[in-house]
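Participant:
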DNA sequence: TTTCATTATCGTATATTTGCGATATAAGAT
DNA sequence: ATCTTATATCGCAAATATACGATAATGAAA
């Protein structure tokens with residue numbers, strides 16, 4: 429009797445956690461960096477820049493996709509991805525909000 | 429033949445990914461919020477604020493601990509935790525740095 | 001010393017993630 | 001029509017995460 433149980437939490441917390449999870453693997457961070465570096469959409473040169481099999485990279489990509497962090501035009505054999513600015517913006521704000529909340533306790537920490 | 433393979437990536441990416449992973453569960457986000465709300469260090473009132481068993485909460489806490497996101501004084505039956513401002517600060521910066529990198533591509537997105 | 005309350009840890013079950021090779025798919029080239 | 005190239009998906013194995021109950025440990029109170 430133990431699996432996710434995440435539905436119990438508020439939507440906001442779930443969303444933030446989900447975003448964090450999406451970027452919680454170095455490979456996916458590298459993918460984002462690669463996409464940020466190339467000005468135009470690139471296809472699978474991502475694979476070349478990672479020490480992982482093509483199928484594994486594809487899997488990481490689809491995780492970023494389903495989290496809405498990147499967009500993709502999968503037309504035929506040549507898929508094209510790029511960063512979804514809107515999502516980045518949204519979570520950048522929410523994350524900053526959380527961090528500011530935490531910062532508010534700065535002066536009062538007692539066990540550090 | 430397939431497990432983590434995360435050691436291959438740069439330390440910076442690993443660190444950022446690890447931080448993201450640490451906050452990638454709603455329960456852990458709530459724990460941080462609780463710690464932020466209480467001005468002084470609280471002990472296990474965290475458990476009361478979560479719909480999870482005590483042992484599960486303890487597990488989540490120790491994950492935050494080992495990620496260095498919170499500090500703890502575990503003296504006897506009354507453990508006391510608080511946010512580790514230093515770590516929050518560090519990753520706040522690194523995360524902001526990544527986001528700014530991504531933001532730079534804002535104008536040039538082509539498949540959104 | 002015994003009891004109590006609080007917290008950490010162990011053991012266990014289930015779910016999810018990570019990774020690969022093999023295979024399917026789909027558009028363009030020959 | 002067939003071949004090639006790029007990419008997604010399937011199937012599988014191993015690792016990790018999530019959750020719980022039970023138990024251990026530890027300091028305070030009786």
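Residue numbers (the working numbering), protein chains in the order written: chain Y, 429 to 540; chain U, 429 to 540.
Every residue, glycine too, gets a C-beta built ideally from N, C-alpha and C.
All of these numbers come straight from a predicted model, not from anything done at the bench.
1. For residue 436 of chain U, count neighbouring C-beta atoms within 10 Å of its own C-beta (all shown protein chains included) and say buried if the count is 16 or more, exposed if not.
2. Say whether the region 487-500 of chain Y touches the region 455-472 of chain Y, bearing in mind that this needs 3 or more beta-carbon pairs closer than 8 Å, one atom from each stretch.
3. Just curious, the beta strand (DSSP E) that residue 457 of chain U is in, first and last residue?
4. Within the 8 Å Cβ cut-off, does residue 490 of chain U reach chain Y?
5. Could you give the first and the last residue of the continuous beta strand (DSSP E) run that contains residue 499 of chain Y?
6. Given a cut-off of 8 Å on the beta-carbon distance, is the pair residue 444 of chain Y and residue 526 of chain Y in contact?
7. Can you list, in chain order, the residues of its chain with a C-beta nearer than 8 Å to that of residue 474 of chain U? Leave out the 5 residues immediately preceding and following it.
8. With a CB to CB cut of under 7 Å and the five nearest residues on each side skipped, what residues in its chain are close to residue 482 of chain Y?
9. Leaving out five residues on either side along the sequence, give the residues of the same chain with a beta carbon under 8 Å from the beta carbon of residue 457 of chain Y.
10. Straight-line CA distance for residue 430 of chain U to residue 442 of chain U?
11. For residue 511 of chain Y, write down the residues that DSSP places opposite it in a beta bridge.
12. Under 7 Å between beta-carbons, which chain U residues line up against residue 525 of chain Y? List them in chain order, please.
Facilitator: Let me lay it out:
1. exposed
2. yes
3. Careful: residue 457 of chain U lies outside any beta strand (DSSP E), inside the alpha helix (DSSP H) at 454-465.
4. no
5. 498-503
6. yes
7. 459, 462, 463, 485, 489, 509
8. 475
9. 451
10. With a pLDDT of 46 at residue 430 of chain U, under the threshold of 50, the predicted position of this residue should be treated as unreliable, though the coordinate-derived value follows. Their backbone Cα atoms lie some 18 Å apart in a straight line.
11. Y/498
12. Within chain U, no residue comes near residue 525 of chain Y; the closest Cβ sits about 11 Å away, beyond 7 Å.
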